[in-house]
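Novice: What follows is a structure written as structure tokens; I'll ask about it next.
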Amino acid sequence: MNAPAYNFAYLDEQTKRMIRRAILKAIAIPGYQVPFASREMPMPYGWGTGGVQVTAAILGRDDVLKVIDQGSDDTTNAISIRKFFAKTAGVETTTSTADATVIQTRHRIPEASLHAGQVLVYQVPIPEPLRFLEPRETETRRMHALGEYGLMHVKLYEDIARFGHIATSYAYPVKVNARYVMDPSPTPKFDNPKMDNCAALQLFGAGREKRIYAIPPHTSVVSLDFEDHPFSRYRHDAPCALCGANDSYLDEIVTDDKGGRMFVCSDTDFCETRQAQGHRGSESAAPHKERAHG
Amino acid sequence: MAEREDSDQPLLMAEGLGKSYGSLTACRDASFALYPGEVLAVVGESGSGKSTLLQLLSAQLAPSAGQVSYRMRDGVMRDLAKLGEAERRFLFRTDWGYVHQDPAMGLRMAVSAGANVGERLMAVGWNHYGRIRDTASSWLERVEIDTGRIDDAPRTYSGGMRQRLQIARNLVTEPRLVFMDEPTGGLDVSVQARLLDLMRNLVSELGLAAIVVTHDLAVARLLSHRVMVMKGGRVIETGLTDQVLDDPREPYTQLLVSSILPA
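For the record, the sequence lines run as chains A and B. Mapping the first sequence onto the numbering used here, position 89 (from 1) lands on 89, and the numbers just tick up by one. Mapping the second sequence onto the numbering used here, position 93 (from 1) lands on 1093, and the numbers just tick up by one.
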């Protein structure tokens, strides 16, 4: 390979220092959105420019990087970001959750539990949980400062009034360290409990909105709810068609135009690991038989 | 008029209150005391400083001169300018109400009526959906809104309904003081009459103190116990409502009273 034309991990050292300062502040104040001078990255906004900058700032030469998009290691976004860092930083990459030291993610938290020393980097489109209720940034920052979170419950109230249950299924608001209400990025609410008391460091980067926030290891993360409508996870009522897992988050895949569909693990590494261990689902052994799941 | 044990102590006191913008004086030297359960109307023509005064009293604007003090729920008289922002905002969503002339300013137009009423409850820590909804529904009944419309957003409501919803939203935390800025402005006469009737009943039932800013002397006559007449930023006449409106002393007040069109 030719000598790299870019600085290690693409960003220049001063920019990385600036981002690291923001990350340190974010870790010191769990859940607080720290503004930072987000840079233009060689990818469009919405493709993970915030996550990429955070990853670039924390990556060291001996790190092992894993990138997932909706749980999958082999989608366009995941592959291009993995290649980007393989090229600009020359770091080792992996698809194994257990082997990775830095995991950049869009929309999922891996099924395998994370261990101490790992860093999970989230790509965040809209960091402000109160945004769609209160459009003024000056006002939402004041509400965070004063801990006025009644408005967050207005959103949940609206859900119940309209649908009979809390219908928010992703970007489900959480309270971090009993202080700041935080948007966990558009992860499904199925993943919310994994953030609580997690052994790994969790960093959130929003490139377009220029915000970084964090959950340090072993921090309490509580999903907001009502006493009479408690938080509940949602999962399709089916085993994975490939590995038979009953506890993983499932993607619904349409297989034909006659209503045929199958459910498979959204976390490809988790699913492949299980299949390698000999677990089989309905689809990996025999042709798929349509089953309706309520 | 509802009497409370502490009704001999003023709830709100203004002393030498003034606001100027450079050489322009919007309001000067306003002093008065408001007692629990008392309704004070501030009348005057457009540009006379009524709204400035209301904003000064409700601590939304910092005065250039003088001070406003308020008797908190613990009975201690506090200077509003010395309250922290958190305390002031807490006061604003619990012990005070503020009814805007334009309901769109005081309501969240895109969320349901129930959530609009429930917001203050959730802000003070209510965490039980069923109870919030029951309370919201009983308040809608009290302001004569069909409870079947609890899940409709106020943008589907008529002007009069919006204003009544705004009142319910403010009263749900049982405030002791309500500020009203032209509460009947922009409503047609029959809707005005119904709204005024409702407000008069609520104020006397709940023993609310209220400061009502209006240019409509009929509103002052129906709602208030006392009237303050403003002109050019100055309070020129105060007194009992009947006394001021039936026997005005100042030439300007006489002009105001005489300019009411005969019904």
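Quick reminder that beta carbons are idealized off the backbone N, C-alpha and C, glycines included.
When the Cβ atoms of the segment 1075–1092 of chain B are set against those of the segment 1126–1144 of chain B, are three or more pairs found closer than 8 Å?
Specialist: Touching, no.
Novice: At which residues does the alpha helix (DSSP H) containing B:R1221 begin and terminate?
Specialist: For the purposes of this step, residue 1221 of chain B is identified with residue 221 of the second sequence, where counting begins at 1. L1217 to L1223 is the extent of the alpha helix (DSSP H) around B:R1221.
Novice: Between which two residues does the alpha helix (DSSP H) harbouring A:Q53 extend?
Specialist: Numbered from 1 along the first sequence, position 53 holds the residue referred to as residue 53 of chain A. Where A:Q53 is concerned, the enclosing alpha helix (DSSP H) stretches over T49 to I58.
Novice: CB B:R1149 to CB B:A1110, shorter than 8 Å?
Specialist: Here residue 1149 of chain B refers to the residue found at position 149 of the second sequence. Here residue 1110 of chain B refers to the residue found at position 110 of the second sequence. Contact: no.
Novice: By Cβ distance, which residues of its chain are closer than 7 Å to A:D12, with the 5 residues on each side in sequence left out?
Specialist: Working through the first sequence from its first residue, we reach residue 12 of chain A at position 12. No residues qualify anywhere along the chain.
Novice: Distance, Cα to Cα, A:D74 vs A:I27?
Specialist: Along the first sequence, one-based indexing puts residue 74 of chain A at 74. Along the first sequence, one-based indexing puts residue 27 of chain A at 27. Approximately 30 Å between the Cα atoms of the pair.
Novice: My assumption, with CB atoms under 8 Å, is that A:G207 sits in contact with A:G50. Please give the rounded CB distance.
Specialist: Taking the first residue of the first sequence as 1, we reach residue 207 of chain A at position 207. Taking the first residue of the first sequence as 1, we reach residue 50 of chain A at position 50. With a Cβ gap of about 4 Å, A:G207 and A:G50 count as contacting.
Novice: Is it right to say B:S1058 is buried, meaning 16 or more other beta carbons lie within 10 angstroms of its own, or is it exposed?
Specialist: Residue mapping note: residue 1058 of chain B aligns to position 58 of the second sequence, counting from 1. The residue in question, B:S1058, is buried, as its Cβ has 16 or more Cβ neighbours within 10 Å.
Novice: Are the segment 182–202 of chain A and the segment 110–128 of chain A touching by the rule of at least three beta carbon pairs closer than 8 Å?
Specialist: Verdict: yes, contact present.
Novice: So, with DSSP's three-state summary, where would you put B:N1127?
Specialist: As a first step, residue 1127 of chain B must be located in the second sequence, where it is residue number 127. Of the three classes helix, strand and coil, the one that applies to B:N1127 here is coil, per DSSP.
Novice: What are the uninterrupted segments assigned as beta strand (DSSP E) that are 3 or more residues long and contained completely in the segment 146–185 of chain A, given in chain order?
Specialist: 174–176 and 180–182, all fully within the segment 146–185 of chain A.
Novice: Output the distance between the C-alpha atoms of A:V54 and A:Y6, rounded to the nearest integer angstrom.
Specialist: Within the first sequence, the letter at position 54 stands for residue 54 of chain A. Within the first sequence, the letter at position 6 stands for residue 6 of chain A. The straight-line gap from Cα to Cα measures roughly 17 Å.
Novice: A:N197: which of A:P42, A:A167, A:A116 and A:F190 sits nearest, CA to CA?
Specialist: As a working note, residue 197 of chain A is residue 197 in the first sequence. If we check each option's Cα against that of A:N197, A:A116 comes out closest.
Novice: Considering Cα atoms alone, identify which of B:L1080, B:S1020 and B:A1123 is closest to B:M1013.
Specialist: Position 13 of the second sequence, counting from 1, holds the residue named residue 1013 of chain B. Minimum Cα distance to B:M1013 is reached at B:L1080.
Novice: Is B:T1156 buried or exposed, if buried means 16 or more other CB atoms sit within 10 Å of its CB?
Specialist: Working through the second sequence from its first residue, we reach residue 1156 of chain B at position 156. Counting Cβ neighbours within 10 Å, B:T1156 comes out exposed, since fewer than 16 surround it.
Novice: Any beta carbon from chain B within less than 8 Å of A:A178's own beta carbon?
Specialist: To locate residue 178 of chain A, count along the first sequence from 1; it is residue 178. Output row for A:A178: interface = no.
Novice: Taking contact to mean at least 3 C-beta pairs separated by less than 8 Å, is the segment 1097–1108 of chain B in contact with the segment 1163–1177 of chain B?
Specialist: Result yes; three or more Cβ-Cβ pairs closer than 8 Å.
Novice: What does DSSP give as the partner residues of B:Q1067 in its beta bridges?
Specialist: On the second sequence, position 67 is the one that residue 1067 of chain B refers to. Per DSSP, B:E1015.
Novice: How would you label A:F163, buried or exposed, when you count the other beta carbons within 10 angstroms and need 16 or more for buried?
Specialist: Within the first sequence, the letter at position 163 stands for residue 163 of chain A. With fewer than 16 Cβ atoms within 10 Å of its Cβ, A:F163 is classed as exposed.
Novice: Using the Cα positions of A:H288 and A:I109, report the straight-line distance between them to the nearest angstrom.
Specialist: What you label residue 288 of chain A is simply residue 288 of the first sequence in a count that begins at 1. What you label residue 109 of chain A is simply residue 109 of the first sequence in a count that begins at 1. For A:H288, the predicted model reports a pLDDT of 45, less than 50, meaning its position is unreliable and no value from the coordinates is stated.
Novice: In angstroms with no decimal places, state the Cα-to-Cα distance between B:S1020 and A:M41.
Specialist: The residue given as residue 1020 of chain B occupies position 20 in the second sequence. The residue given as residue 41 of chain A occupies position 41 in the first sequence. Going by the C-alpha atoms only, they are around 50 Å apart.
Novice: If you measure from the beta carbon of A:Y172 to each beta carbon in chain B, is any gap under 8 Å?
Specialist: Against the first sequence, residue 172 of chain A aligns to sequence position 172. Not one chain B Cβ lies under 8 Å of A:Y172.
Novice: Under 8 Å, Cβ to Cβ, is there at least one residue of chain A near B:V1068?
Specialist: Translated into the one-based positions of the second sequence, residue 1068 of chain B becomes position 68. Not closer than 8 Å to any Cβ of chain A, the Cβ of B:V1068 fails to qualify, so no.
Novice: Whose Cβ in chain A lies nearer than 7 Å to the Cβ of B:Y1129?
Specialist: For this step, residue 1129 of chain B is matched to residue 129 along the second sequence. Going along chain A in sequence order, the residues near B:Y1129 (Cβ under 7 Å) are Y157, I160, F226, D228 and H229.
Novice: Give me the DSSP bridge partner(s) of B:E1237.
Specialist: To locate residue 1237 of chain B, count along the second sequence from 1; it is residue 237. Looking at the DSSP assignment, B:E1237 forms a beta bridge with B:V1229.
Novice: Which of helix, strand or coil does DSSP assign to A:H229?
Specialist: In the first sequence, the residue the question calls residue 229 of chain A occupies position 229. In this structure, A:H229 counts as strand in the three-state DSSP scheme.
Novice: What separation, rounded to the nearest whole angstrom, lies between the Cα atoms of A:A56 and B:Q1163?
Specialist: Counting from 1 along the first sequence, the entry for residue 56 of chain A is found at position 56. Counting from 1 along the second sequence, the entry for residue 1163 of chain B is found at position 163. Taking the straight line from one Cα to the other gives about 54 Å.
Novice: Check the Cβ-Cβ distances between A:V34 and every residue of chain B, and say whether any is below 8 Å.
Specialist: Mapped onto the first sequence, residue 34 of chain A falls at position 34. No, A:V34 does not count as interfacial toward chain B.
Novice: Assuming A:K66 is part of the alpha helix (DSSP H), what are its boundary residues?
Specialist: As a working mapping, residue 66 of chain A is identified with position 66 in the first sequence. Segment V64 to D69 is the beta strand (DSSP E) holding A:K66; no alpha helix (DSSP H) there.
Novice: Which whole-angstrom value describes the C-beta separation of B:R1221 and B:L1245, a residue pair presumed to lie in contact below a C-beta threshold of 8 Å?
Specialist: Reading the second sequence from its first residue, position 221 is the one you call residue 1221 of chain B. Reading the second sequence from its first residue, position 245 is the one you call residue 1245 of chain B. Contact holds; Cβ gap of about 6 Å.
Novice: Mind checking whether A:E283 and A:L250 have CB atoms under 8 Å apart?
Specialist: Position 283 of the first sequence, counted from the start, is the residue given in the question as residue 283 of chain A. Position 250 of the first sequence, counted from the start, is the residue given in the question as residue 250 of chain A. Result no, Cβ atoms of A:E283 and A:L250 do not sit closer than 8 Å.
Novice: May I ask you to list, following chain order, the residues of the segment 98–128 of chain A that have a beta carbon less than 8 Å from some beta carbon of chain B?
Specialist: Listed in sequence order: no entries.
Novice: Considering only their Cβ atoms, is the gap separating A:S248 from A:F231 smaller than 8 Å?
Specialist: Position 231 of the first sequence holds residue 231 of chain A. Position 248 of the first sequence holds residue 248 of chain A. Contact flag unset, no.
Novice: Within the same chain, show all residues whose beta-carbon is closer than 7 Å to that of B:L1034, passing over the 5 residues directly before and after it, in chain order.
Specialist: The residue labelled residue 1034 of chain B in the question sits at position 34 within the second sequence. Cβ within range, chain order: P1010, L1011, L1012, L1040, A1209 and I1211.
Novice: Show which residues of chain A have a CB atom less than 7 Å away from the CB atom of B:E1141.
Specialist: Looking up residue 1141 of chain B in the second sequence gives position 141. Going along chain A, no residue has its Cβ under 7 Å from B:E1141, so there is no contact; the nearest lies around 17 Å.
Novice: Per the contact definition of three or more C-beta pairs closer than 8 Å, is the segment 1224–1235 of chain B in contact with the segment 1195–1202 of chain B?
Specialist: Because the criterion of three Cβ pairs below 8 Å is not met, the segment 1195–1202 of chain B and the segment 1224–1235 of chain B do not touch.
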